[in-house]
Structure formats: structure tokens, C-alpha cells
DNA sequence: GTCTATATCAGGATAGAC
DNA sequence: GTCTATCCTGATATAGAC
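Protein chains in written order, with this note's numbering: chain A, 543 to 753; chain B, 543 to 753.
In C-alpha cells, the structure reads:
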């Protein structure tokens with residue numbers, strides 16, 4: 543944020559923390575694009591504008607970078623979702639809460655695509671040690687949605703002929719995958735989110751007459 | 543199929559083609575589990591019960607194995623879908639055709655999970671040369687669904703306030719992702735497919751009264 | 001805090017025996 | 001058709017100068 547460092551030689555950096563964030567961002571982008579194993583720290587370093595050796599000043603290992611990228615992917619989305627739902631009136635119907643959740647999930651995800659897509663793509667492929675550490679964050683977010691859906695079910699707003707677990711897995715999976723094909727050139731984000739929401743809520747079929 | 547080879551030394555195999563298929567299957571499994579780059583040909587060879595050098599008798603390169611695994615992932619699903627839909631009466635409503643397509647897609651995918659999941663997981667991460675060759679097969683399958691949905695739309699059976707392209711991408715993506723979390727212990731495949739279908743057709747909300 | 005080395009190890013691919 | 005042995009390249013991580 544402040545660039546007024548006084549007397550440092552040109553080969554030294556001004557803000558070490560900015561470098562760290564840049565490394566994380568470029569790592570996420572490259573993990574997404576080429577996978578975890580295929581991404582070399584040399585590439586990450588190049589993209590972040592440092593030399594490979596310098597990465598080890600900020601991180602202990604490649605796996606530590608992985609862990610931070612994964613956590614960030616979920617947390618960004620989770621926080622957006624919670625913020626939107628908390629902003630609703632206390633007595634808002636569950637349908638409105640779920641709608642806010644869907645919109646928040648899509649928004650958080652599509653605005654930090656490298657972190658969220660990297661998470662989706664590589665989670666299935668990383669060493670068990672990395673998965674285990676990351677699992678806590680994942681579980682929390684899943685529980686949040688489970689609670690939301692079960693409350694809607696108890697209030698009679700959700701269909702009863704499909705299990706809430708399957709609904710959660712199916713819907714969140716479907717939302718997540720949009721990051722792989724969403725194209726902002728097809729229309730505004732708002733219109734995109736609206737189309738996704740109506741399909742999730744009411745399905746793909748034409749209705750005899752909608753009220 | 544026939545095991546009556548007469549006089550071959552123990553270190554030689556009986557059926558070269560079976561070895562080739564085994565290599566493909568194990569490659570798919572390992573690509574799915576660890577990614578393309580992280581999977582070594584030594585691992586594939588071990589899993590297939592041969593030595594690393596032997597792979598090069600059956601395949602020219604690692605990338606050729608990749609190509610065959612990817613194509614197989616789509617083709618298995620495509621063929622199942624087409625077979626189910628072709629088996630319907632000629633005048634079947636589009637809703638029934640789409641239902642058969644959904645069930646066929648799920649069935650083909652979940653019964654060849656290593657090929658289909660490997661495809662989903664690694665397609666975004668492989669070299670452009672491999673993507674380009676595989677794109678033809680992908681495009682064909684997408685076109686097939688586009689045609690299905692556009693016919694349903696023309697017949698007034700599909701909702702009109704969401705684009706068919708978005709519906710296709712969203713629904714196929716959602717179906718695909720089930721391979722990442724489907725658990726046969728939660729119930730029969732038939733019941734699973736039914737739950738997915740009602741959600742796709744009619745959404746997650748409770749209906750005032752269903753007819 | 002970043003650099004230039006470099007130690008160490010592992011993977012794709014090939015050659016040639018059997 | 002499968003094996004053993006090896007070439008060659010490139011990756012993580014470390015050491016120590018600046």
C-alpha cells in the first residue's frame with residue numbers, strides 16, 4: 543500500500559508480504575492450469591517475478607504453498623456466502639436464504655477463479671497429508687449448507703423425495719463446475735446467476751403455468 | 543479369452559492385447575488418482591504387472607496413453623446415452639428422451655469411473671496438443687445434447703427463461719461431478735438416478751401440489 | 001529479502017538381450 | 001512381447017554470497 547521505502551538497493555524488494563501474496567496467486571493460477579505436480583517452483587517464481595530460491599524465504603515447501611492455496615479457495619467462497627445470508631432479514635424464508643447462498647457461492651467463486659478452480663481440480667490428486675489438513679475447512683462449509691437445507695426441509699420448503707445430502711452434493715457440485723465453463727461474454731453475472739437459480743429451484747422443464 | 547498357449551516361457555505373455563488393455567485401465571486409475579504429470583510410467587507398469595520398458599511395445603509415448611484414456615472416457619458415456627435413447631419409441635416425448643439420457647450418462651459414467659473421472663480431472667491440465675486431438679470427441683457429445691435440448695425447447699417442453707447452452711453446461715457438469723461423490727452404499731443406482739432426475743427436471747423446492 | 005550456485009534424485013524414453 | 005540397463009533432462013531443496 544505504501545511505496546515510500548527510502549534507501550534500498552534495486553535488487554532488494556520493498557514489501558516482502560506483497561511478494562508472498564504474488565507467489566500464492568501465481569501458484570494458484572499454475573496449479574489450476576497444469577496441476578500440482580506438473581507445476582514447478584521455477585515457473586511460480588518466474589510468474590511472481592522472483593528467482594526460484596527466493597520462494598524458500600516465504601514458504602517452507604511446495605506443499606505448504608499448496609495448503610494455503612487450497613484453504614483460500616474454500617474460505618473466499620464461504621465468507622461471501624455467509625455475508626450475503628447474514629445480510630438478510632432475520633425472518634427471511636429459507637428459499638431466499640438459499641438463493642443468497644447460491645448467488646454468493648457463484649460470485650465468490652467466479653471472482654477468485656484461480657483459487658477455486660485450482661481447489662476443485664487438484665484436490666483429488668494431492669498427497670493424503672495435504673488432503674487431511676485441508677479437510678477441516680471443507681467439512682465446515684459442507685456443514686453450513688447441510689444446516690441451511692435441513693432447515694428449509696423442516697419448514698416444508700424443500701422437496702422430500704430426494705435426500706438433503708444428495709441435494710447438497712449435487713447442487714454444490716453443479717455450482718462449482720460452472721467455474722470451468724462460465725464465460726462473462728455471454729452476459730452479465732447477474733443474469734447468469736438468475737438463470738442458474740431458476741434451474742436449481744424449479745428445474746429445466748417448462749411449467750404448465752408459473753405463478 | 544483362450545489360455546491354451548502351448549510352449550512359451552514363463553516370462554512371456556499369452557495375450558499382448560490383454561496387456562495393452564490392462565495398461566490403459568491402470569493408467570486411467572492412476573491419472574484419476576494422482577494426475578497426469580504425477581503418474582509415472584513405472585507406476586503404470588507396476589500396476590499392470592509389466593516392466594516400464596514394455597509399455598513402449600504397446601504405446602509410442604505417455605501422451606498416446608493419455609489420448610486413449612481421454613477418448614474412452616467420453617465414448618463410453620456417449621454410447622450408453624445413445625443406446626438408451628435409441629431404444630425408446632419413435633414418438634417418445636422429449637422429456638422421456640432426456641430422462642433416458644440422464645440415466646444413461648450416469649450409468650456409463652459410474653460404471654467406468656476411472657476413465658470418466660480421469661477425463662474430468664485432468665482435461666484442464668494437459669498439454670494443448672493432447673487437448674486439441676481430444677476436442678473432436680467432446681464436441682460431438684456436446685452437440686448431441688444440444689440437439690436434444692433444442693428439440694425439447696421447440697416442442698415447448700423446456701423452460702424458456704434460461705439458455706439451452708447454459709442448461710446443457712450446467713446439467714452435464716452437475717451429472718459429471720457425481721462421479722466424484724457417488725457412493726453406492728447410500729442406496730441403489732436406480733434410486734440415485736431417480737433422485738437426480740427429479741431434481742434436474744423439477745428443482746429442489748417443494749411443489750404446492752404435484753400432479 | 002533476494003540472488004547464484006549446486007547436491008541429489010527421479011522420470012521419459014531407448015537399445016539390445018532373451 | 002517382455003526384460004534389464006542406461007542416457008539425459010529437469011525438479012526440489014539447500015548453502016552461502018550480497
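Think of the CB as a built atom: it goes at the ideal place given N, C-alpha and C, for glycine as much as any other residue. Computed from a predicted model, the values in this text were never measured in an experiment.
Three-state class that DSSP yields for residue i in the structure shown
| i | result |
| --- | --- |
| residue 566 of chain B | helix |
| residue 747 of chain A | strand |
| residue 630 of chain B | coil |
| residue 543 of chain A | Residue confidence is low: residue 543 of chain A scores 40 on pLDDT, short of 50, so the model does not pin down where it sits. No coordinate-derived value is stated. |
| residue 733 of chain A | helix |
Element boundaries [alpha helix (DSSP H), containing residue i]
| i | result |
| --- | --- |
| residue 693 of chain B | 670-696 |
| residue 658 of chain A | 655-665 |
| residue 718 of chain B | 706-719 |
| residue 585 of chain B | 583-590 |
| residue 723 of chain B | Residue 723 of chain B -> no alpha helix (DSSP H), and no H or E assigned at all. |
| residue 599 of chain B | 597-600 |
| residue 642 of chain B | 636-652 |
Distance CB(residue i)-CB(residue j) smaller than 9 angstroms
| i | j | result |
| --- | --- | --- |
| residue 690 of chain B | residue 636 of chain B | yes |
| residue 713 of chain A | residue 644 of chain A | yes |
| residue 699 of chain B | residue 748 of chain A | yes |
| residue 585 of chain A | residue 572 of chain A | yes |
| residue 651 of chain A | residue 559 of chain A | no |
| residue 641 of chain A | residue 743 of chain A | yes |
| residue 663 of chain A | residue 666 of chain B | yes |
Nearest-angstrom Cα separation, counted from residue j out to residue i
| i | j | result |
| --- | --- | --- |
| residue 647 of chain B | residue 623 of chain B | 6 angstroms |
| residue 561 of chain A | residue 567 of chain A | 10 angstroms |
| residue 587 of chain A | residue 579 of chain A | 15 angstroms |
| residue 781 of chain B | residue 738 of chain A | Outside the shown range of chain B (543 to 753) lies residue 781 of chain B, about which nothing can therefore be said. |
| residue 613 of chain A | residue 697 of chain B | 46 angstroms |
| residue 702 of chain A | residue 736 of chain B | 13 angstroms |
| residue 704 of chain B | residue 654 of chain A | 25 angstroms |
| residue 672 of chain A | residue 694 of chain B | 45 angstroms |
| residue 594 of chain B | residue 581 of chain B | 13 angstroms |
| residue 730 of chain B | residue 740 of chain B | 16 angstroms |
| residue 632 of chain B | residue 725 of chain B | 34 angstroms |
| residue 544 of chain A | residue 658 of chain B | Annotation note: pLDDT 41 at residue 544 of chain A (below 50); position unreliable, no value reported. |
| residue 680 of chain A | residue 575 of chain A | 22 angstroms |
| residue 605 of chain A | residue 618 of chain A | 20 angstroms |
| residue 733 of chain B | residue 626 of chain B | 18 angstroms |
| residue 610 of chain B | residue 577 of chain A | 20 angstroms |
| residue 688 of chain A | residue 649 of chain A | 20 angstroms |
| residue 628 of chain B | residue 674 of chain B | 30 angstroms |
Rounded Cβ spacing between residue i and residue j (contact assumed at less than 8 angstroms)
| i | j | result |
| --- | --- | --- |
| residue 668 of chain B | residue 608 of chain B | 6 angstroms |
| residue 660 of chain A | residue 715 of chain A | At roughly 17 angstroms, the Cβ-Cβ gap does not stay under 8 angstroms, so residue 660 of chain A and residue 715 of chain A are not in contact. |
| residue 599 of chain B | residue 686 of chain B | That pair is no contact at about 36 angstroms. |
| residue 590 of chain B | residue 656 of chain B | Not a contact, Cβ separation roughly 13 angstroms. |
| residue 746 of chain B | residue 746 of chain A | That pair is no contact at about 13 angstroms. |
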